[in-house]
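Okay, structure first, notes after.
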Amino acid sequence: MLEQLEAIRERFDEVAQQIVQPEVVSDQKRFMKLSKEYKDLEKIVNQYTAYKQLLAEIDNAKEIIATEKDEEFRELAKAELDELLPQREPMEETLKEMLIPKDPNDSKNIILEVRGGTGGDEAAIFAGDIFRMYQRFCEKQGWRMSIVDFTEGSSGGYKEIVAEVEGEDVYGKMKFESGVHRVQRVPATETQGRIHTSAASVAVLPEAEEVDVELNMNDIRKDTFCSSGAGGQSVNTTYSAVRLTHIPTGIVVQCQDERSQLKNFDKALTVLRSRLYEIELQKHNDAIASQRKTMVGSGDRSDKIRTYNYPQSRVTDHRIGLTVYNLPSVMDGDIGEFIEQLRIAENAERLKEGAV
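Set out below in structure tokens:
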């Protein structure tokens, strides 16, 4: 482990020197790539520096105990050693975790898509509940969410809703949410009081930048139409909404959230780029999935990942077998425990692969 850490420190020093070179600063793609690498390595190097300092203090205390003749000094050193030794193992575990190869997409912003699945009107209502859960979670994380496009359900909620989420390590936390979310409850539309099961599907796409996906604008057809959402006097009077069709793949995206056609075009282009990036990402995940017994972060949209049981106030994540009985809090955005346990499970899985 120490050899790996020393190699990382050397690489950090190299990047620190390269990033200030004029030829790097003038090359935007290279500068962005090195800046991201510098930021990622800095966290590990800082932890490594603190760990080396701890080891030095432990060695110093042991030397005083072994060689110092003054009993008072020796007692002080023993007391210091008693404080230092318990810190070593947690710091080593933290470093091991930091050495696990990080998903390069973890630091990216995301495109979040929530769609009502089986269950008709109730599925759309549940999709709305799930989306609100993520809104509340994003608020608590200090992230910025902006809606790109939506289609409302006839009895409330959304048939589908697409949003962009910006912040620190958004994909790293939200990637575990992709999949089918199932609800068991008495729907507002039910007259006989029977419990129904319906579902909503969630897709979390890492937001692709221009350096990730090169788009040929000749492959894209642009259509404009009148916005049907909230937008004041401009609704249904100006062609501000934008629909983009990627001709080679047939992917269609649209944005009607902004009053400006240009802003809607930029948002739609971001979603399109991210969906194309997801196709390549899925190919990569499929290639390595066979090597793993479980893939808690696979993000397969067809996987049933979580059940929300309202009569018992129970929420169960099927991937890690975690069940909590605080459904109202979860629906209010308290999903941190699930995300943390999924992250731990994924890291343990990577450790088994011999990453560290």
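So this note's numbering is basically just the index in the sequence shown, starting at one, shifted up by 17. Every residue gets a Cβ at the ideal spot worked out from N, C-alpha and C, and that includes glycine.
Three-state secondary structure (DSSP) of residue i
i	result
residue 74	helix
residue 287	helix
residue 204	coil
residue 328	coil
residue 273	coil
residue 222	strand
residue 316	Below a pLDDT of 50, predicted positions are generally treated as unreliable, and residue 316, at 43, falls in that range; no measurement from the model is reported.
residue 178	strand
residue 18	coil
residue 172	coil
residue 37	coil
residue 130	strand
residue 156	helix
residue 52	helix
residue 241	strand
residue 66	helix
residue 321	strand
residue 352	coil
residue 334	strand
residue 139	helix
residue 199	strand
residue 340	strand
residue 363	helix
residue 161	strand
residue 57	helix
residue 296	helix
residue 357	helix
residue 232	coil
Pick from the options that is closest to residue i, judged by C-alpha positions
i	options	result
residue 343	329, 336, 337 and 20	329
residue 82	98, 71, 69 and 72	98
residue 271	238, 295, 324 and 265	238
residue 22	47, 117, 45 and 39	117
residue 107	322, 176 and 68	68
residue 416	241, 297 and 267	Nothing in the structure corresponds to residue 416, since the chain is present only between 18 and 373.
residue 105	129, 84, 74 and 85	74
residue 196	51, 236, 64 and 129	129
residue 350	157, 268 and 115	157
residue 171	139, 191, 232 and 234	139
residue 101	71, 262 and 20	71
residue 327	336, 338, 321 and 348	348
residue 236	259, 210, 260 and 264	264
residue 299	361, 221 and 286	221
residue 365	346, 337 and 354	337
residue 355	262, 122 and 154	154
residue 296	259, 268 and 33	268
residue 65	346, 341 and 29	29
residue 123	276, 262, 331 and 186	186
residue 198	179, 286, 321 and 80	321
residue 200	291, 77, 334 and 278	334
residue 219	233, 285, 279 and 178	178
residue 46	231, 353, 284 and 103	231
residue 115	31, 44, 261 and 58	58
residue 278	169, 243 and 31	243
residue 194	24, 103, 33 and 352	352
residue 262	121, 339 and 234	234
Local Cβ density within 10 Å of residue i, reported as buried at 16 or more and exposed below that
i	result
residue 359	buried
residue 181	buried
residue 174	buried
residue 150	buried
residue 257	buried
residue 289	buried
residue 90	exposed
residue 361	exposed
residue 96	exposed
residue 38	exposed
residue 376	The displayed coordinates of the chain run from 18 to 373. Any statement about residue 376 would go beyond what the structure contains.
residue 191	buried
residue 274	buried
residue 291	buried
residue 259	buried
residue 284	buried
residue 357	exposed
residue 287	buried
Nearest-angstrom beta carbon gap, residue j and residue i [assumed within contact, 8 Å]
i	j	result
residue 119	residue 224	No, residue 119 and residue 224 are not in contact; Cβ-Cβ is about 17 Å, not under 8 Å.
residue 55	residue 127	The pair is not a contact, with the Cβ atoms about 23 Å apart (cut-off 8 Å).
residue 293	residue 266	7 Å
residue 36	residue 51	5 Å
Test: residue i CB closer than 8 Å to a CB of chain B
i	result
residue 354	The chain labelled as chain B is not found in the depicted structure, where only one protein chain is given.
_Touching by the beta-carbon criterion (3+ pairs, under 8 Å), the region 193–204 and the region 127–145_ = Taking a contact to require three or more Cβ pairs closer than 8 Å, the region 193–204 and the region 127–145 qualify as touching.
*If you pair each beta-carbon of the region 122–137 with each one of the region 205–223, do three or more pairs fall below 8 Å?*
Taking one beta carbon from each stretch, the region 122–137 and the region 205–223 have 3 or more pairs nearer than 8 Å; the two touch.
*If you pair each beta-carbon of the region 100–112 with each one of the region 156–170, do three or more pairs fall below 8 Å?*
The region 100–112 vs the region 156–170: no contact.
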